[in-house]
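Protein chains in written order, with numbering that gives the first Met the number 0: chain A, 0 to 376; chain B, 0 to 247. Read the structure below first, then the notes.
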Amino acid sequence: MKKWKRVDSLTELPHKILESAMKAGIDVDARNRSGSYMMIDHSAVIAKVNEYFKGKLEIMDTCDALMKYKWLRNYVWKLVDKEEDEYTKKADENLGGGYFLRIMKNAKIDLPLQSCLIMASENMEQNVHNIIIAEEGSNARIITGCTLHPDVRSGQHIGISEFFIKRNATLNFTMIHNWSEETKVRPRSAAVIEENGKFISNYIALKPVRDIQMYPSAICKGRDSMARFNTILYSHNGSLMDIGSKIELLGKNSKGEIVSRAIATDNSRIIARGMLIGNNSGVRGHLECRGILLDDSAEIRAIPELIGNRRDIDLSHEAAIGKIAEGEIIYLMSRGLSRDEATSVIVRGFLDVDILGLPKELNNEIRRLIEKTTTNL
Amino acid sequence: MEILRVENLHVEVEGKEILKGIDFGISKNEVCVLFGPNGAGKTTLLMSILGSPNYKITDGRIIFNGMDITNLEMNERASLGIGVAFQNPPEIIGVKLRDILRICTRKRVNEELTENELKLVEKFKLTRFLDRDINVGFSGGEKKRVEILQLLSMRPKLLLLDEPDSGVDVESLRLIGNEIQRYINETGGSALIITHHGEILEHVDAKTGFILLDGRISCRGNPGVIFHDILKSGYRECVKCLIRGAKK
Chain A
0 MKKWKRVDSL
10 TELPHKILES
20 AMKAGIDVDA
30 RNRSGSYMMI
40 DHSAVIAKVN
50 EYFKGKLEIM
60 DTCDALMKYK
70 WLRNYVWKLV
80 DKEEDEYTKK
90 ADENLGGGYF
100 LRIMKNAKID
110 LPLQSCLIMA
120 SENMEQNVHN
130 IIIAEEGSNA
140 RIITGCTLHP
150 DVRSGQHIGI
160 SEFFIKRNAT
170 LNFTMIHNWS
180 EETKVRPRSA
190 AVIEENGKFI
200 SNYIALKPVR
210 DIQMYPSAIC
220 KGRDSMARFN
230 TILYSHNGSL
240 MDIGSKIELL
250 GKNSKGEIVS
260 RAIATDNSRI
270 IARGMLIGNN
280 SGVRGHLECR
290 GILLDDSAEI
300 RAIPELIGNR
310 RDIDLSHEAA
320 IGKIAEGEII
330 YLMSRGLSRD
340 EATSVIVRGF
350 LDVDILGLPK
360 ELNNEIRRLI
370 EKTTTNL
Chain B
0 MEILRVENLH
10 VEVEGKEILK
20 GIDFGISKNE
30 VCVLFGPNGA
40 GKTTLLMSIL
50 GSPNYKITDG
60 RIIFNGMDIT
70 NLEMNERASL
80 GIGVAFQNPP
90 EIIGVKLRDI
100 LRICTRKRVN
110 EELTENELKL
120 VEKFKLTRFL
130 DRDINVGFSG
140 GEKKRVEILQ
150 LLSMRPKLLL
160 LDEPDSGVDV
170 ESLRLIGNEI
180 QRYINETGGS
190 ALIITHHGEI
200 LEHVDAKTGF
210 ILLDGRISCR
220 GNPGVIFHDI
230 LKSGYRECVK
240 CLIRGAKK
């Protein structure tokens, strides 16, 4: 496996690498980003904070960070159990890097942080461990993309991510996956949210993948804490996406929301899981799962679960799967669109990014990505 | 000169014949009103003119602006100048009012609405709805305003209005009625309006009325007189009376 050299700016990297990074939502000139981290295979090529945000946030390779900060050991494998399965064990045994992001106390970061993990060697196993700490009173957005070099077809990606949202902190984390038909992906992530903290996790997967399985969880530990998972999936070319989100509401009056939108076609399968657990008084949670099947070869399975063990909680869910409503197509045709055009407008609307709670510019960037991916529909 | 001519139109919905030989026409710059009890086939007639695929034309033909459109797709009819305001429009998740107005005005995906188009949106008091999902959580009055806004944004030659006055507050009704009338005056367009209670007629100047009963057009006359007679004696009696009157 080739070792990649450190660069000072993303633009120094080969064109093909940059192109795939852009498809995963990375801003190459980084002007509209507060900082960047990029890893190719197992080499961290850049970990840099923009001048303006120095002192407000830190970005480092996890291995470097573990050497620099002894206290960081208290955060590693704290939320995800390294004995959980064969993948967590592998990630523990062969740590290949990953990012350490820390947003300092009370720092308000108005430009998103970006990170990108790229697999550039054929048939490799990429094992990463990411630690994200949002210190007290901080507020930040992170956009992270995982993708492949265009010449690479197959590989396995194991990504461990542990999020620590401290008191009164808000973290909006958006992950865009851009794999290939022959990649196997096993993210394992968990978050803990302290008093009055907010964690919004957005997951977007629009490209075919051999098989991805994940079930990230958030523990709303603090009073009045909040977690929200938004998932946008477009499964095609025989992909298997088994994706869930779990929120455990432990803190008094904590709140959880899970929203997933799934489109499946062309021999693909989606399993959309969701679980809300209400463990303290005054907690509220809602789970929404909608799926559209574009043909008869695909399958969507929605498995919503609610678990309550207190009287004074309020948990609800709604799930719906079907084809695109004929009435909606007719409506758009009456305004001048052909049937195919109407279908594509409805699909793009269904994959609406407005639910992600992102600033307008980032919203538009992701919308453009979705439009690019769905133009051939 | 007629904008629309319907000849011996027979239409089936889910295998059941609803329209049983309809003949009528609408002149350029004419506003017609279609009366009739629930289930008479009024919406079926509108949807057949529009070309909705759930309505199967088994016989007869539809001529629009001198052209036989009986076998054209809905979007082809829309581009020729047939526009509709639905009675119960669907909610579409993630599709914004702004997106639909771009479609109505035949724009490319990211092309902005013109100043004049935005002025019309403002007139309908819908500016703050532009980036909301179409019809999701809209009130009855808002939905009607959104329908008429889309319809007028398309600049059609023939306006098909399915109960524009049902479930709508008085202020919204006045607004949409006045805008429809203004559009017709300015463009010389024509309209076919379905109404049960006739409120829209206080704001829109209709010259002709029809009663549709049992899948057939039963009479033609002044809409005010017809509506008065329907209120007085009911659809069936009214039809008898006008037929008798015509025979005299």
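All C-beta atoms, glycine included, are put in the ideal place defined by N, C-alpha and C.
Give me the chain B residues within the contact set of F349/A, using Cβ-Cβ distance strictly less than 8 Å, ordered along the chain. I92 and G93
Within the same chain, show all residues whose beta-carbon is closer than 6 Å to that of I133/B, passing over the 5 residues directly before and after it, in chain order. I91, V94, L96 and I99
Stretch-stretch touch, CB-based, cutoff 8 Å, three pairs: the stretch 129 to 137 of chain A with the stretch 338 to 355 of chain A: The way I'd put it, the stretch 129 to 137 of chain A doesn't touch the stretch 338 to 355 of chain A; fewer than three beta-carbon pairs between them come closer than 8 Å.
Whole-angstrom distance between N308/A and K390/A, CA atom to CA atom: Because chain A in this structure spans residues 0 to 376, residue 390/A falls outside the shown range and cannot be described.
For L78/A, which option in S296/A, K165/A, G24/A and V191/A has the closest C-alpha, if you only look at C-alpha atoms? V191/A
Can you confirm whether the stretch 36 to 47 of chain B touches the stretch 120 to 130 of chain B when touching is taken to mean that 3 or more C-beta pairs between the two stretches lie within less than 8 Å? no
Report the residue ranges of all beta strand (DSSP E) runs contained in full by the stretch 100 to 186 of chain A; include only those spanning at least 3 residues, in chain order. Uninterrupted beta strand (DSSP E) stretches at least 3 residues long and entirely within the stretch 100 to 186 of chain A occur at 112 to 118, 123 to 133, 138 to 147, 153 to 164 and 169 to 177, given in chain order.
Beta-carbon spacing of G214/B, I17/B below 8 Å: yes
Just to make sure I have the definition right: I need the residues of chain B whose C-beta is within less than 7 Å of the C-beta of Y202/A. Which are they? The contacting residues do not exist; Y202/A stays about 17 Å from chain B at best.
At a Cβ threshold of 8 Å, is Q149/B touching chain E? Here the protein chains are A and B, and chain E is not one of them.
Just list the alpha helix (DSSP H) runs in the stretch 95 to 122 of chain B, keeping only unbroken ones of 4 residues or longer that don't cross its boundaries, in chain order. 96 to 103 and 114 to 122
Segment contact, 8 Å Cβ cut-off, at least three pairs: the stretch 6 to 21 of chain B with the stretch 71 to 85 of chain B: no
Contacts of P88/B in chain A (Cβ-Cβ under 7 Å): Y330
Cα-Cα, which of V169/B, N177/B, V135/B and G40/B is closest to L148/B? N177/B
Could you please tell me which residues of the stretch 99 to 126 of chain B, in chain order, have their CB closer than 8 Å to any CB of chain A? Here the close residues are I99, I102, C103, R105 and V108.
Distance between beta carbons of I117/A and I39/A, contact taken as under 8 Å: 5 Å
By Cβ distance, which residues of its chain are closer than 8 Å to P149/A, with the 5 residues on each side in sequence left out? K15, E18 and S19
Applying the criterion that 16 or more other CB atoms from any shown protein chain within 10 Å of the CB defines a buried residue, is D204/B buried or exposed? Per the 10 Å Cβ criterion, exposed.
Mind pulling the chain B residues with CB within less than 7 Å of E327/A? P89 and I91
Beta-carbon neighbours of I345/A, restricted to chain B and to distances below 7 Å: I91 and V94
Report all residues from its chain with a CB closer than 6 Å to the CB of P186/A; omit the five preceding and five following residues, and keep chain order. G158 and M213
In the stretch 12 to 39 of chain B, which residues sit with their C-beta less than 8 Å from some C-beta in chain A, listed in chain order? none
Could you name the residues of the same chain whose beta carbon sits closer than 6 Å to that of I365/A, not counting the 5 residues immediately before and after it, in chain order? V352
May I ask you to report which of helix, strand or coil DSSP gives D228/B? helix
Give me the residue from L12/A, L293/A, V344/A and R30/A with the minimum Cα distance to V44/A. L12/A
Per-residue contacts from M73/B into chain A (C-beta, under 8 Å): I329, M332 and S333
For L336/A, decide whether its Cβ has a neighbour in chain B, counting only Cβ atoms nearer than 8 Å. Chain B places a beta carbon closer than 8 Å to that of L336/A, counting this residue as a contact.
Taking Cβ positions only, does F85/B come closer than 8 Å to chain A? Yes, because at least one Cβ of chain A sits closer than 8 Å to the Cβ of F85/B.
Terminal residues of the beta strand (DSSP E) in which Y233/A lies: M225 to S234
In this structure, what does DSSP give as the bridge partners for K15/B? V12/B
Can you tell which of N73/A, I306/A, C288/A and I312/A has its C-alpha closest to the C-alpha of I276/A? Ranking N73/A, I306/A, C288/A and I312/A by CA distance to the CA of I276/A puts I306/A first.
Rounded to the nearest angstrom, how far is the Cβ of L110/A from that of I141/A, given a contact under 8 Å? No, L110/A and I141/A are not in contact; Cβ-Cβ is about 11 Å, not under 8 Å.
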